[in-house]
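Chain order of the listed sequences is A and B. Letter 291 of the first sequence, counting from 1, is numbered 291 in UniProt numbering, and no numbers are missing. Letter 256 of the second sequence, counting from 1, is numbered 256 in UniProt numbering, and no numbers are missing.
There are 2 protein chains.
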Amino acid sequence: MSDSSVIAIDAMGGDKGLEVMLAGVARARRLHDGLRFLLVGDEAAIRAGLSRHPNLSQASEVIHAADVIAGEEKPSQALRRSKTSSMGVAIDCVKQGRAGAAVSSGNTGALMAMAKLSLRTMPGIDRPALAALLPTLGDNDVVMLDLGANTECDARNLTQFAVMGAAYARIVLELDRPRVALLNIGSEDQKGTGEIKDAAQMLRAATHLPMDFTGFVEGDRLSRGDHDVIVTDGFSGNIALKTAEGTARFVADLLRRAFSSSARSKIGFLISRPATDLLRNHLDPNNHNGAVFLGLNGLVLKSHGSANEIGVATAIGNAAKMVKSDLARRIAEDLSNIDAKAAA
Amino acid sequence: MSDSSVIAIDAMGGDKGLEVMLAGVARARRLHDGLRFLLVGDEAAIRAGLSRHPNLSQASEVIHAADVIAGEEKPSQALRRSKTSSMGVAIDCVKQGRAGAAVSSGNTGALMAMAKLSLRTMPGIDRPALAALLPTLGDNDVVMLDLGANTECDARNLTQFAVMGAAYARIVLELDRPRVALLNIGSEDQKGTGEIKDAAQMLRAATHLPMDFTGFVEGDRLSRGDHDVIVTDGFSGNIALKTAEGTARFVADLLRRAFSSSARSKIGFLISRPATDLLRNHLDPNNHNGAVFLGLNGLVLKSHGSANEIGVATAIGNAAKMVKSDLARRIAEDLSNIDAKAAA
């Protein structure tokens with residue numbers, strides 16, 4: 001695949017450090033021909049690391065940034081170093097038009113705050129939301145948002161997330177009218193918080209939007225494939241996403257124990273290994289890495305803090321796809337069309 | 001196992017109707033020798049159903065109740081029929097001392113409202129919470145609460161849930177100082193809602209309680225076995241529980257697909273079947289059915305609305321164990337000891 005996009009990389013963010021970030025970028029470089037990178041962070045450390053990736057060196061420019069935002073730092077603190085930190089400078093590359101997207105494995109709250117301050121939200125959007133594609137049993141992945149950017153949300157926020165999520169699904173899943181549901185603790189009308197009930201009322205009334213509101217969905221049906229977009233506040237979204245990740249790992253661990261419990265099951269495992277390897281591959285969060293902040297005037301992707309080399313490469317691949325499909329501009333267009341229709 | 005407990009059964013609640021409830025009770029009767037039942041609901045229908053379970057008839061008394069609480073009914077509506085509904089009459093059997101516990105597969109909100117009105121909360125407890133034991137990779141199950149009884153909770157509610165959950169863990173898991181954590185979207189101090197941060201502060205200060213507060217836990221670590229009690233509001237708890245159930249089913253479905261993807265993997269599956277059957281059995285929610293309302297002066301258990309015969313029997317088995325261990329009285333005792341210590 002040839003791809004002329006430029007991606008800005010926060011080379012210093014993430015739990016696993018510079019080495020894994022660079023290995024991930026080098027992997028993405030091998031997978032996506034023509035992609036170019038702005039590697040932002042401690043210049044000397046990056047140049048030293050690059051000596052192990054000659055192929056990446058040729059496709060990269062190093063941009064020095066002296067500061068690193070720590071994982072436990074408060075967003076308000078981090079904001080003071082927007083101009084000097086690897087995270088802030090990477091986002092600024094998007095603002096200046098030097099890169100089509102920025103990717104960071106760093107502190108989510110800080111990334112959100114900096115991206116919002118630097119790129120600003122699209123007209124009509126109060127807050128950006130963190131969205132990702134999750135695997136389902138159906139033909140398509142499902143878009144889920146917010147995954148942790150906004151701890152508490154009101155009905156207006158949730159409704160805007162629905163509109164942005166639907167626009168995203170129309171582009172990445174190529175659907176005319178995505179089926180949009182609100183995450184709740186029951187499917188009956190009277191279930192849930194006041195915010196969710198109000199959002200449901202607003203979405204039910206919004207029949208002019210290019211999407212179908214399908215009501216409430218419970219946690220046990222997220223991956224059934226009967227919805228295209230699942231909308232929730234950042235607290236519940238984060239709990240659901242992480243619980244799903246943890247449960248998948250839990251089941252995989254139990255499966256490993258079960259397969260090693262007897263000679264017979266070990267033999268069965270060896271024989272069916274190609275099938276179980278495929279499954280493991282399908283469930284590995286590194287193969288679904290890269291959540292995007294929707295609603296900003298520019299593309300910023302959050303890679304999982306504990307992502308390995310494969311995960312970092314997946315996030316960069318997703319960023320390249322979004323740049324190529326001109327995602328931010330198309331979502332903005334979609335939102336303004338909706339506003340125009342609503343006014344008419 | 002000989003067990004002289006009497007369990008009141010809401011025979012009409014649940015998505016699957018009277019037939020599955022009776023089959024479940026009959027199964028519990030076979031598994032637990034000496035258990036006796038008060039079967040509450042439409043007398044004619046129950047007697048007709050009992051003709052298929054002669055063994056159960058001998059151990060049961062039928063109590064007529066004309067009304068059934070529907071699944072989508074509001075708790076406030078349901079409360080008006082506390083005296084005439086199968087759910088309300090089953091709870092009243094506990095209040096009157098005729099049964100040691102009541103089990104219902106019906107509407108959770110209605111069950112909670114009726115149980116609270118009839119049995120009242122223990123001294124010092126504002127609201128009951130729905131608690132269940134979930135499987136982990138560790139030596140013990142983990143107690144999780146609230147699983148959906150209280151949609152929104154303040155710091156005081158969360159702190160009381162922690163104390164009740166710890167008392168429950170001390171009894172059912174036989175631990176001296178259970179490790180108690182709050183479910184949150186990060187492990188750092190500044191993460192989460194104001195309610196969670198305040199609850200953490202209160203629990204950190206409560207060093208006189210017979211438990212160890214271990215801070216925040218994220219959704220991906222629920223089943224790692226490094227906590228004994230996980231405390232959350234009913235909204236997040238319900239989302240986490242159902243997401244875990246749904247993900248376990250999702251992985252099992254993918255595994256089935258993987259195993260049937262080729263002749264080779266089918267053979268491997270047949271060979272390792274005893275191991276995968278054990279795993280399926282371990283993950284089947286019917287084998288973990290029966291959540292209890294903690295904090296009431298009496299035992300009321302919620303069986304999953306979609307529980308099958310095995311699930312209903314599991315919930316009844318759990319109820320019998322709780323009656324036998326005198327759970328409600330021992331939690332009350334634990335709470336009053338804590339109060340006495342705090343006052344001293």
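Built from N, CA and C at the ideal position, the CB exists for glycine as well.
**Study point:** Partner residues on chain A for HIS288 (chain B), Cβ-Cβ distance less than 8 Å
**Key:** Within chain A, no residue comes near HIS288 (chain B); the closest Cβ sits about 13 Å away, beyond 8 Å.
Check your understanding: So is LEU117 (chain B) buried or exposed if we call it buried at 16+ other beta carbons inside 10 Å?
Key -> exposed
Review point. Just the Cα atoms here: how many angstroms apart are SER86 (chain A) and GLY225 (chain B)?
Key: 37 Å
Practice item. Scan the stretch 184-215 of chain A for residues whose Cβ lies nearer than 7 Å to a Cβ of chain B and list them as they occur along the chain. Key: ILE185, GLU188, GLN190, GLY192, THR193
Check your understanding: Which chain B residues are close to GLY246 (chain A), counting only those with a beta carbon under 7 Å from its beta carbon?
Key -> GLY219, ASP220, ARG221, LEU222, SER223
Exercise for review: Using a cut-off of 8 Å between C-beta atoms, extract the partners of ALA240 (chain B) located in chain A.
Suggested key: GLY219, ILE239, ALA240, THR243
Review point. Leaving out the 5 sequence neighbours to the left and right, which residues in its chain are closer than 7 Å to ALA110 (chain A) when beta-carbon positions are compared?
Key: ILE69, GLU73, PRO75, ALA78, MET87
Review point. With a cut-off of 8 Å, does the C-beta of GLY24 (chain A) fall near any C-beta of chain B?
Key: no
Review point. Apart from the five residues just before and just after SER57 (chain A), which ones in its own chain have a Cβ nearer than 6 Å to its Cβ?
Key: LEU50
Review point. Considering only residues of the same chain and omitting the five flanking positions on each side of LEU137 (chain B), which have a CB-CB separation below 7 Å?
Key: SER223, ARG224, GLY225
Practice item. Thinking ILE7 (chain A) and ALA99 (chain A) are a contact (beta carbons under 8 Å), I'd like their distance in whole angstroms, please. Key: 6 Å
Check your understanding: Name the chain A residues that come within less than 7 Å of VAL251 (chain B), Cβ to Cβ?
Key -> ALA248, VAL251, LEU283
Check your understanding: So, GLY148 (chain B) versus ASP10 (chain B), is the Cβ gap smaller than 8 Å?
Key -> Pairing GLY148 (chain B) with ASP10 (chain B) gives a Cβ-Cβ distance that is not under 8 Å.
Review point. Which chain A residues sit within Cβ distance under 9 Å of ILE271 (chain B)?
Key: ARG264, SER265, ILE267, GLY268, PHE269, ILE271, SER272
**Study point:** Residue environment, HIS208 (chain A), which counts as buried when at least 16 other CB atoms sit within 10 Å
**Key:** exposed
Check your understanding: Are the C-beta atoms of LYS74 (chain B) and some chain A residue less than 8 Å apart?
Key -> yes
Review point. What's the gap between the Cα of GLY317 (chain A) and the Cα of ASP326 (chain A)?
Key: 14 Å
Point to revise | Whole-angstrom distance between LEU31 (chain A) and MET1 (chain A), CA atom to CA atom | key: Note that MET1 (chain A) scores 41 on pLDDT, short of 50, meaning its location in the model is unreliable; the coordinates nonetheless yield the value given after this. Distance between the alpha carbons of MET1 (chain A) and LEU31 (chain A): 8 Å.
Exercise for review: Assign PRO54 (chain B) to buried or exposed, taking buried as 16 or more other Cβ atoms, counted over all protein chains shown, within 10 Å of its Cβ.
Suggested key: exposed
Review point. Can you name, in chain order, every residue of its own chain whose Cβ lies under 8 Å from the Cβ of GLY295 (chain B), other than the five neighbours on each side?
Key: THR121, MET122, ILE125, ARG127, PRO128, ALA129, GLN160, MET164, ILE331
Check your understanding: Taking Cβ positions only, does PHE259 (chain B) come closer than 8 Å to chain A?
Key -> Chain A contact via Cβ: present.
Point to revise | Same chain only: Cβ atoms within 6 Å of ILE196 (chain A), ignoring 5 sequence neighbours per side | key: LEU182, ASN184
**Study point:** GLY60 (chain A), DSSP secondary structure in three states
**Key:** Correcting the residue identity first, residue 60 (chain A) is Ser in this sequence and not Gly. Strand, per DSSP.
Exercise for review: Determine, using beta carbons only, whether THR159 (chain A) comes closer than 8 Å to chain B.
Suggested key: no
Practice item. May I ask you to report which of helix, strand or coil DSSP gives ASP67 (chain B)? Key: strand
Point to revise | Proximal chain B residues relative to CYS278 (chain A), where beta-carbon distance stays under 7 Å | key: The sequence shown places Leu at residue 278 (chain A), not Cys. ALA258, listed in chain order.
Review point. VAL217 (chain B) bridges to which residues according to DSSP?
Key: The partner list for VAL217 (chain B) (beta bridge, DSSP) reads B:LEU183.
Check your understanding: Using a Cβ-Cβ distance under 8 Å, would ALA275 (chain B) count as near chain A?
Key -> yes
Check your understanding: If you run the structure through DSSP and keep just helix, strand and coil, what is ILE7 (chain B)?
Key -> strand
Point to revise | Same chain only: Cβ atoms within 6 Å of GLY41 (chain B), ignoring 5 sequence neighbours per side | key: ALA11, MET12, ALA65, SER86, listed in sequence order.
**Study point:** Rounded separation between ALA328 (chain A) and ALA131 (chain A) - CA only
**Key:** 13 Å
Exercise for review: Please report how far the alpha carbon of ARG188 (chain A) lies from the alpha carbon of HIS288 (chain B), in whole angstroms.
Suggested key: Going by the sequence as given, residue 188 (chain A) is Glu instead of Arg. Roughly 25 Å separates the two Cα atoms.
**Study point:** SER57 (chain A) at chain B interface by Cβ criterion, 8 Å
**Key:** With 8 Å as the cut-off, SER57 (chain A) does not count as an interface residue toward chain B.
Check your understanding: Closest to VAL94 (chain A) by CA distance: which of A:LEU119, A:THR243, A:ILE239, A:SER236 is it?
Key -> A:LEU119
**Study point:** Neighbour-count burial assignment, GLU174 (chain B), 16 or more Cβ in a 10 Å radius
**Key:** exposed
Review point. On the three-state DSSP scale, how would you describe MET1 (chain B)?
Key: Unreliable placement is indicated for MET1 (chain B), whose pLDDT of 41 sits below 50; no coordinate value is reported for it.
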